[in-house]
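In what follows, a structure is listed as structure tokens, so that the remarks can point back to it.
Residue numbers (the numbering used here): 11 to 274.
Right under this line is the structure:
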């Protein structure tokens, strides 16, 4: 599940959300936040020879794959281009982190089993990144995803999410925080910790609404509904359904859940 002044930062943090941001990044964020990944990637195409931009462009197209289950070949081409222009270990680490995420998405969505590739690429990123590299927060989050969803290891996932959460908080990376809150809450819900789950899901939703991350708001609403009951759960699902339809059925993997939910 991009923003950055340095590569990994751009890919997650929501560059373009502040008035002081570069106008190009602001335009990219506005498109990305509404699910227009291809258009956002096209804005970056003229300068994609620069390693940070090449990684950001690949990350946008990989995120499109995860939300739409389409565009795999374009994402692979953009990622290879980013890998080809990387010049130092941090840039190679950022490209490896995206390689791991693409392989994770392919496995999770049943396109092709690339779990071993996902683990190897994320491990390579960990070895390449400098100890204080900004990209480590995103890397930790993605390693948590692999632990939770591919290895069914909630304890390892929680530890990785907590590292990512602490680093995101220290860097004021609100977009990544919206992801770590949501996934930590999901683990809490799995263990029956309803109050903790509600709090985490509510924080994730609040941050996404404040950032204007429209494409991520329907999943946040649906997650919070899982921790609620009765009319409140129905209201949240109804709002999620409205946004899902507004965005043309994105993310695709939310369709079955919203179709099965009763109307408010």
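The beta-carbon is built from N, C-alpha and C at its ideal position, and this holds for glycine as well.
From residue 258 to residue 40, what does the alpha carbon distance come to, in whole angstroms? Taking the chain shown and counting its residues from 1, one reaches residue 258 at position 248. Taking the chain shown and counting its residues from 1, one reaches residue 40 at position 30. The alpha-carbon atoms of residue 258 and residue 40 are separated by roughly 17 Å.
Note down the Cα distance separating residue 126 from residue 147, rounded to an integer number of angstroms. The residue labelled residue 126 in the question sits at position 116 within the chain shown. The residue labelled residue 147 in the question sits at position 137 within the chain shown. In this structure, the CA atom of residue 126 is about 21 Å from the CA atom of residue 147.
Cβ pair count under 8 Å reaching 3, the segment 90-101 against the segment 243-251: As far as the Cβ criterion goes, the segment 90-101 does not touch the segment 243-251, which means the pair count is below three.
Indicate whether the contact test is met: 3 or more Cβ pairs, each with one atom in the segment 123-141 and one in the segment 75-84, closer than 8 Å. By the Cβ rule, the segment 123-141 does not count as touching the segment 75-84, because fewer than three pairs are nearer than 8 Å.
Please name the residue, chosen from 113, 140, 145 and 116, that lies closest to residue 104 on a Cα-to-Cα basis. Walking along the chain shown from the start, residue 104 turns up at place 94. For the residues 113, 140, 145 and 116, the minimum Cα distance to residue 104 belongs to 145.
Presumed contact (8 Å Cβ cut-off) between residue 233 and residue 270, rounded CB distance: The residue you call residue 233 lines up with position 223 of the chain shown. The residue you call residue 270 lines up with position 260 of the chain shown. Actually they are not in contact, since the Cβ atoms of residue 233 and residue 270 sit about 15 Å apart, beyond 8 Å.
Own chain, CB closer than 6 Å to residue 77, minus 5 neighbours either side, in chain order: Numbered from its first residue, the chain shown carries residue 77 at position 67. Result list for residue 77: 260 and 261, in chain order.
Taking the C-alpha atoms as reference points, what is the distance between residue 20 and residue 188? Translated into the one-based positions of the chain shown, residue 20 becomes position 10. Translated into the one-based positions of the chain shown, residue 188 becomes position 178. Reliability of the predicted coordinates at residue 20 is poor, the pLDDT of 37 falling under 50, and the value obtained from them is presented with this limitation in mind. One C-alpha to the other measures close to 15 Å.
Nearest to residue 93 by CA position, among 115, 67, 161 and 255, is which residue? The sequence position of residue 93 within the chain shown is 83, counting from 1. Taking only the C-alpha atoms, the option nearest residue 93 is 67.
Measuring straight from C-alpha to C-alpha, what distance separates residue 138 and residue 243? Sequence index remark: in the chain shown, residue 138 carries index 128 (1-based). Sequence index remark: in the chain shown, residue 243 carries index 233 (1-based). Straight-line Cα distance between these residues: approximately 44 Å.
Alpha carbon to alpha carbon, how far is residue 141 from residue 255? Residue numbering aside, residue 141 sits at position 131 when the chain shown is read from its first letter. Residue numbering aside, residue 255 sits at position 245 when the chain shown is read from its first letter. Cα to Cα, residue 141 sits roughly 43 Å from residue 255.
For a quick check, are the C-beta atoms of residue 204 and residue 224 less than 8 Å apart? Stepping through the chain shown from its first residue, residue 204 is reached at position 194. Stepping through the chain shown from its first residue, residue 224 is reached at position 214. Not closer than 8 Å, so no.
Taking the straight line between their C-alpha atoms, what separation do you get for residue 177 and residue 241? Translated into positions along the chain shown, residue 177 becomes position 167. Translated into positions along the chain shown, residue 241 becomes position 231. Approximately 36 Å between the Cα atoms of the pair.
Consult DSSP for residue 163 and reduce its assignment to one of helix, strand or coil. Position 153 of the chain shown, counted from the first residue, corresponds to residue 163. If DSSP states are grouped into helix, strand and coil, residue 163 belongs with coil.
According to DSSP, simplified to helix, strand and coil, what is residue 100? Taking the first residue of the chain shown as position 1, residue 100 is located at position 90. Under the three-state reduction of DSSP output, residue 100 falls in the helix class.
Going straight from the alpha carbon of residue 37 to that of residue 59, what length do you get? Translated into positions along the chain shown, residue 37 becomes position 27. Translated into positions along the chain shown, residue 59 becomes position 49. C-alpha separation (whole angstroms): 19 Å.
Buried or exposed: residue 62, going by 16 or more other Cβ atoms within 10 Å of its Cβ? Within the chain shown, numbered from 1, the residue matching residue 62 stands at position 52. Residue 62 comes out buried.
For residue 111, which residues in the same chain have their Cβ closer than 7 Å to its Cβ, ignoring the five residues on either side in sequence? Here residue 111 corresponds to residue number 101 of the chain shown, with the count starting at 1. Contacts found: 72 and 152.
In whole angstroms, what separates the C-alpha of residue 65 from that of residue 47? Taking the chain shown and counting its residues from 1, the one referred to as residue 65 is at position 55. Taking the chain shown and counting its residues from 1, the one referred to as residue 47 is at position 37. Distance from the CA atom of residue 65 to the CA atom of residue 47, rounded to whole angstroms, is 14 Å.
Out of 181, 193 and 182, which one is the CA nearest neighbour of residue 166? Position 156 of the chain shown holds residue 166. Selected option, being the one with the closest Cα: 193.
When the Cα atoms are used, what is the spatial distance from residue 136 to residue 149? If you number the chain shown from 1, residue 136 lands on position 126. If you number the chain shown from 1, residue 149 lands on position 139. One C-alpha to the other measures close to 7 Å.
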